[in-house]
Every structure is written in C-alpha cells, then in structure tokens.
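K.L.:
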Amino acid sequence: MIDVTATAVLLGGLLYLELQQQWQLKIKTKSSKFKIALALVAAISIVALFWTANVISNLRLIILAILVASVGLYRQGLGEEKVITYGSIAHASDYARYDRVITEQIKQGTMVTFWSKKGGSYSLIFDQPETLLRDFFKKQLPRGVKLLTGEEFARLEKAEAHDDRDRQAKLLQAIRNRPQRNQLPWQKRRPSSTTDHENR
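Each residue of the sequence shown is one higher than the one before, counting from 1 in UniProt numbering.
Next comes the structure, spelled out in structure tokens:
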C-alpha cells in the first residue's frame, strides 16, 4: 500500500505541474478530437480489462489510467518564454534552447518547427494564421533565435550544404596536393636526415 500511495503522490505532483503549464498557454495547438478520444478509450480499457478483486492492484490501474488520459486531455502550445508540451517541466523547452523557429502554412493550419543543432527538432500544428504566430514570435523569441519561413529555411539549408561541400572539396584538394603525399616513409625522412648530417 505504501508504494501505491507514493506513486499516487508523485502522479498528483506531476499532474499539478502539468496543470500549471496549461495556465501559461498563450496560443494553443490545434485540438485533436481523435487524440482525446483515443486517450480516454485507452484509459477506460486499461481499467476494464485488468480490473481484479485486489484493491491495491485496482488502485494501480486507476493511477495508470489517469496518467494515460492526461496525455490526451492536456493541451500543447506557446507560452511567453517557452514551448509548452507534455512533460516539458521548468526550462526544458525554453525558446532560447532552439537555433531556429520555422513557420509554414499547410492544409491543416500553420506548422511551427522548433529546430536545434544539438537536440534535433519537432513540430506543432496550430489553427491560427501564420502572420499571427510570426507576430507573437517576433515579440517573444530571444535575439539568438532565427525566425524563418519554410522557404527561407530551405534556402538557408541549401546554402549551408553548398558551403559544406566547398569546405570538404578544399580539404580534400589540400590532402591530395600536400608535398610528401606520394613519398615512401624513408623518402619522407630523408630531408631531415640530410639536414642533420650537414649540421654535424
């Protein structure tokens, strides 16, 4: 019973922290009724399929079901200083952690991609128009974070790939043209040996 109580307390703390995150939302992502329905069905199924006569086991099931349901019910979106996603407690998703924020108009709405050299990238989809989201980011993003459209990002990636190919080509050319490339080991040492002999 002690472990169940401890788990319930930890879950309660997690849900409270996530609820605080919800209060910070300024712009919410597109609502997915399918995701909500799936989370609720999964939570109910867990309880219905594994319900037993054991009270402690049933409490564990209820805790697990609440956790699964919360994933579907909690919303994601944009706060004043960070991206708010499930599990992004404290400063885990501050805007300053990203190098680029890319906005792109798609059929489902506006897709926003948060791109980082170190941590990869992920995308969220919003109902709001791209212009509204860009205005929001212009006010909230730190100076070091670039705000780009999909077209600007594609051009930048192409330019960086071209520059990288040029650097690699120059490096390869330098390796091929180095003076001692085609000499045998004893031929590479000969100049230094001759110099030593002359010094003597």
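Built from N, CA and C at the ideal position, the CB exists for glycine as well.
Using the C-alpha atoms, what's the distance from L141 back to I84?
P.N.:
Taking the straight line from one Cα to the other gives about 14 Å.
K.L.:
Report back the beta-carbon spacing between T103 and L132 to the nearest angstrom; my notes put them in contact at under 8 Å.
P.N.:
Actually they are not in contact, since the Cβ atoms of T103 and L132 sit about 10 Å apart, beyond 8 Å.
K.L.:
What's the gap between the Cα of L11 and the Cα of A154?
P.N.:
Going from the Cα of L11 to the Cα of A154 covers about 42 Å.
K.L.:
Looking only at DSSP bridge pairs, what is G109 linked to?
P.N.:
In DSSP, G109 forms a bridge with I106.
K.L.:
Using 8 Å as the threshold, is the stretch 46-60 in touch with the stretch 145-154, meaning 3 or more CB pairs across them?
P.N.:
No: the two stretches stay apart, fewer than three of their Cβ pairs being nearer than 8 Å.
K.L.:
Going straight from the alpha carbon of residue 203 to that of A6, what length do you get?
P.N.:
Absent from the structure is residue 203, since the part of the chain shown begins at 1 and ends at 200.
K.L.:
Which word fits V112, buried or exposed, when buried means at least 16 other C-beta atoms lie within 10 angstroms of its C-beta?
P.N.:
Burial call: buried.
K.L.:
Pull up the DSSP beta-bridge partners for S123, would you.
P.N.:
DSSP output for S123 lists T113 as bridge partner(s).
K.L.:
Output yes or no for whether 7 Å exceeds the beta carbon distance between V47 and L61.
P.N.:
Going by C-beta atoms, V47 is nearer than 7 Å to L61.
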